[in-house]
Every structure is written in structure tokens, then in C-alpha cells.
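Numbering (my numbering), first residue to last: 1 to 214.
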């Protein structure tokens, strides 16, 4: 457990350029505190000490404003930047090296037992305020734009933006990539494409009219 906690601190330095000293990280990073609280609660949850696990999870939420159900499975090198308003549901599975920002919701869409929350594969970045609902899978290396609402699977290496979320492009798979705000706009790109095609048609009609006059 100590080795895991040490790696969690190192992850903060890897993913947040504002991190300066170990003391800063230990005292002033609620995302790290929430993760540590969850790791303890999850260990108790797996040992069927459910009430104690929920108590720790509830205390964790009160202290950090980050809600992580003790049943959620979280991998290595996970980091929540800022963190306020993050909600991670019971059957969520998060792979290694995932980065999420404040206000992200990994929620369920069913009252039935079983898998009802997202699976986030490794090296995924989820922007601030994004909402991912249901037992969907976000493929390895994908990016979810800030404010997006995702209700369908996202293939690996794809970028998703909008409400509802749509695949807008793909990108190089970088292990640490903080340029998550530099995302394509699929609506704007479609409009630009239509305008380009419209101009081609107008030019073609102009040439035909000129030819007929001759």
C-alpha cells in the first residue's frame, strides 16, 4: 500500500505542472486525498466490510467534495485535477494512467444490479464537466472534451466532443497530454465543408452560364 501511495504522489508531479513540493502535494491536493481514501475504502469493500467502507467513502466526500463509491475499481497513476464535483459510480472500472478534471460524472442509467457504469481504459483524458453514462467503454487513449455528454462507446484513440458526444477526430497517443482543451469542433467542421462544397457548385454554375452566353 505504501508503494502505491508513493506512486500516487509521483503521478501528481507528472500530470500537474503546478505541483512544486511534496508538502504541497500532501496538504493541498483533494484529488489525491480522495484517491487515497478510496483505496482504503475499496480494500475494505472487497473484504465485505461494506458499512465501514461506506463510512470512509462518505467522510471522503465530505472532506474533498469528490464522491467515489467504494466498489469502483481504479488502476495505477490515476489523477483527479482540482476535483470538486467529481462522481464515480459503484461499477465503474478505470484503467491505468487516466486523468480527469473537476465536475466529471461517471454515472449509471439503470436501477438494475450489475454493470451499469462506464469502463475507462488506460491513458484516457476526460475534460471538466464531462458526463459519461451507462455501461459504456471509453477506449484506450481516447479524449473526452469538456462539457461533453457521452452515452455510447468511444473507440480507442478517438476524440469526442459535444452533447450528445460525437467522435470528432483522432490524435497521437501520448502518455501525458495536457492539451485537452485543443479539441476539434465537429459542427464547425461540417459547416465549413458545406460552405466549401457550395462555393464549388457556384463556381461550376458560373462557368456553365459563361459558356452558354458564348
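Each residue gets a CB set at the ideal place from its N, CA and C atoms; glycine is no exception.
All of these numbers come straight from a predicted model, not from anything done at the bench.
**Prompt:** Where residue 127 and residue 52 are concerned, what is the direct C-alpha to C-alpha distance, given to the nearest angstrom?
**Reply:** C-alpha separation (whole angstroms): 32 Å.
**Asked** Is the region 27 to 40 close to the region 58 to 78, with three or more CB pairs under 8 Å?
**Response** By the Cβ rule, the region 27 to 40 counts as touching the region 58 to 78, because three or more pairs are nearer than 8 Å.
**Message:** So, with DSSP's three-state summary, where would you put residue 67?
**Reply:** Here residue 67 sits in strand by DSSP.
**Request:** Could you tell me the distance, in whole angstroms, from the CA atom of residue 70 to the CA atom of residue 48?
**Result:** Straight-line Cα distance between these residues: approximately 11 Å.
**Message:** Looking only at its chain, what residues have a beta carbon closer than 7 Å to the beta carbon of residue 117, apart from the 5 residues adjacent to it on each side?
**Reply:** The answer, listed in chain order, is 89, 90, 91, 92, 106, 107, 108, 135.
**Request:** Would you identify the three-state DSSP class for residue 198, choosing helix, strand or coil?
**Result:** Residue 198 falls in the helix class under three-state DSSP.
**Asked** In terms of residues, what are the limits of the beta strand (DSSP E) holding residue 78?
**Response** Counting along the chain, residue 78 falls outside any beta strand (DSSP E), and DSSP gives it neither H nor E.
**Prompt:** Should residue 149 and residue 165 be called a contact, given that it needs their Cβ atoms to be closer than 9 Å?
**Reply:** Yes.
**Prompt:** Between residue 147 and residue 162, what straight-line distance do the alpha-carbon atoms span, to the nearest angstrom?
**Reply:** Roughly 7 Å separates the two Cα atoms.
**Asked** Considering only C-alpha positions, which residue in the set 114, 112, 121 is nearest to residue 99?
**Response** Measuring from the Cα of residue 99, the nearest candidate turns out to be 121.
**Message:** Quick check: the Cα distance between residue 102 and residue 205, rounded to an integer number of angstroms?
**Reply:** Each residue's alpha carbon lies about 52 Å from the other.
**Asked** In whole angstroms, what is the alpha-carbon distance linking residue 104 and residue 133?
**Response** Roughly 11 Å separates the two Cα atoms.
**Asked** Does the distance from the CB of residue 95 to the CB of residue 123 come in under 9 Å?
**Response** In contact: residue 95 and residue 123 (Cβ atoms closer than 9 Å).
**Exposure of residue 200, with buried meaning 16 or more beta-carbon neighbours within 10 Å** = The residue in question, residue 200, is exposed, as its Cβ has fewer than 16 Cβ neighbours within 10 Å.
**Prompt:** For residue 160, which residues from the same chain have a beta carbon less than 8 Å from its beta carbon, with the 5 sequence-adjacent residues on both sides left out?
**Reply:** Cβ neighbours of residue 160 beyond the five flanking positions: 142, 143, 144, 145, 148, 150, 154, 166, 167, 168.
**Request:** Please report how far the alpha carbon of residue 110 lies from the alpha carbon of residue 74, in whole angstroms.
**Result:** C-alpha separation (whole angstroms): 21 Å.
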